[in-house]
Amino acid sequence: MKVFYLFTALAVASLAWSANGQTCGTNPNVPNNDFGASSSYADPTNDCEIRVNVFIHLVGRSDGSNRPSSSHAYNIAYKLGTSFSPWKITIDYLGYDEINSDTYGLPNSLTLFNYTNLFSVNAHSNAIDIYVVPQGTTTFGAAAAAIPSKALVVPLDLAVNASGFPTEVTSHELGHCFNLFHTFHGTAEGGSTPELANGSNNTTAGDFIPDTPADPVNTIGACVNNCSYSPNWLQCNTTDANGHSYAADLTNIMSYGPINCLSHYTPHQAHRMRTALRNASVLAGVRTLASSAFDNNAITVDNVRVTSTPVFVSPGSHSVRLNTFGNLQSISWSANPSWIPIYTLGAQCDFTISSGQSLTLNVTATTSCGGPQSRSISFSVPYSYKVYPNTATNVLNVEFEKVEYEEGLPDEVALISERSQKIVRSVKVREAFRNKNLENQSKVVFDVKNLARGRYYLKVNSDHLRNSESSTTRILLVE
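Numbering-wise (the numbering used here), the sequence shown opens with residue 380 and increments by one.
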């Protein structure tokens, strides 16, 4: 009898959305357990990475008809990645399978009384199971198994829009899996007490999140104008118990804002999700907690993310920064050769390098996420070259020394007429190296015998190198 009452209450709450074509059937009537989130707050953008596995099940009829496609699965997973990555939650897509069953794939086959049976089909112990079903299969829309939990179901027409682009509806349900309530929880649905508009009870009422404003909107299309809360529209509760006006955020992913308006979580929502991922036993098997002090696969050089080494730079001054996780506790830098001076401030190291030089930076760091962790980062000024003869008649040679990598070559060498200021000869050097079209894989040879005699400029461009500048050599063509 208790279960019947629970889902009957949920069904009443869900009808408001289903009339507008969007529904969340997740049961809100569960005790609040924040797993310690309220006891301390850590900035999610500077916290340790948490990786979460997801597996997508594509559900169709017994004959395979109406089943979502593999491209739908990939696009949904990609959208999840972009939604959670700002909060150091990385979504690892493990793949998909196909479930052909009239039990789960026919219109109206899934109700609030039986939809959780689907979650036992091909379930994973190490991943959040996401079941994408055909349009009209559920009588309630999308739903998570519980708050928190490790399974959810979403109809295809809610997971992607009419143009085929993924929406935030799957992110909304995954938010429930990660222990989030609706932003209108307690205020416009059961499970809590109403949150006051001034926020004075925001940690003990409503959705228990201090940086989501009190929200009275539990009906899609109500109280919204151009994605903004508009209490002048129909079906609006405009004031709280104290007569204060609401200022709901209908762009929050956990609100009942229109699908196209949903766009973000707040920092405290992210903190609550991350805390549940760390501490909720139901989520223990699906996540991996980072034990690294910094990202070993990428660094930032001159404000550009770099993933491969050696790093080729132009002569001059450069700045490198480690992408650290958590709070930096200790760090040490050293240079090889040691006579090249470096200047360090925490995770940042500045240096100056000259033509013909190479430099290796060695760094060891410990943060609140892990360590000590070490790595070496090699830098090189990529090329030196000679132009000959400067006074040319038939042929002009541009020869590069110590050519080992395509990345170490300039993008282009161009011969420019001083009189017309137009390019008269040019070679895409890196492309030529890649296609083995350079003489001895190190030399550009220009045929200049048919060019007018006079002054020219040879310009070497290296736009792909950080802080690079073009170099120019004056050339004289004579009889």
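Backbone N, C-alpha and C define an ideal beta-carbon position, used for all residues, glycine too.
Predicted, not measured: the structure shown is a model, and the values here were computed from it.
- By the Cβ rule, the stretch 447-466 counts as touching the stretch 541-560, because three or more pairs are nearer than 8 angstroms.
- In chain order, R834 and Y836 place their CB closer than 7 angstroms to the CB of R853, counting only its own chain and leaving out the 5 sequence neighbours on each side.
- Fully enclosed alpha helix (DSSP H) runs of no fewer than 4 residues occupy 548-556 of the stretch 544-589, in order along the chain.
- Membership of P751 in any alpha helix (DSSP H) is not indicated; the residue belongs instead to the beta strand (DSSP E) covering G749 to S759.
- The DSSP assignment places complete alpha helix (DSSP H) segments of no fewer than 4 residues inside the stretch 585-662 at 646-658, in order along the chain.
- Here E547 is actually not in contact with I429; their C-beta atoms are around 20 angstroms apart, not less than 8 angstroms.
- The stretch 759-826 contains, as complete beta strand (DSSP E) runs of 3+ residues, the segments 763-767, 774-780, 791-796, 802-807 and 822-826 (chain order).
- Short of 7 angstroms from the beta carbon of V661, and not among the five residues preceding or following it, lie these beta carbons of its own chain, in chain order: P527, S528 and K529.
- A523 and A416 have their alpha carbons spaced roughly 21 angstroms apart.
- Around the Cβ of N406, a 10 Å sphere holds 16 or more other Cβ atoms; the residue is buried.
- Per DSSP, A538 is not a residue of any beta strand (DSSP E); the alpha helix (DSSP H) it occupies stretches across L535 to A538.
- Secondary structure at W718: coil, using DSSP grouped into helix, strand and coil.
- By the beta-carbon neighbour count (other beta carbons within 10 angstroms, threshold 16), K815 is exposed.
- A residue is called buried when at least 16 other Cβ atoms come within 10 angstroms of its Cβ; I478 meets this threshold and is buried.
- Less than 8 angstroms separates the beta-carbon of T566 from that of D594.
- Ranked by how close their Cα comes to the Cα of F691, the residues I721, C728, L701 and S733 have S733 in first place.
- Looking at the DSSP output, I678 sits in a beta bridge with V685 and L701.
- In terms of Cβ geometry, V823 and V803 do not form a close pair [threshold 8 angstroms].
- Annotation for G460: the continuous alpha helix (DSSP H) segment containing it runs S449 to F463.
- Across the structure, N412 and D619 are spaced so that their CA atoms are roughly 25 angstroms apart.
- For D481, the enclosing alpha helix (DSSP H) begins and ends at D481 to G484.
- DSSP lists no beta-bridge partner residue for L473.
- Secondary structure of A530 (DSSP, three-state): strand.
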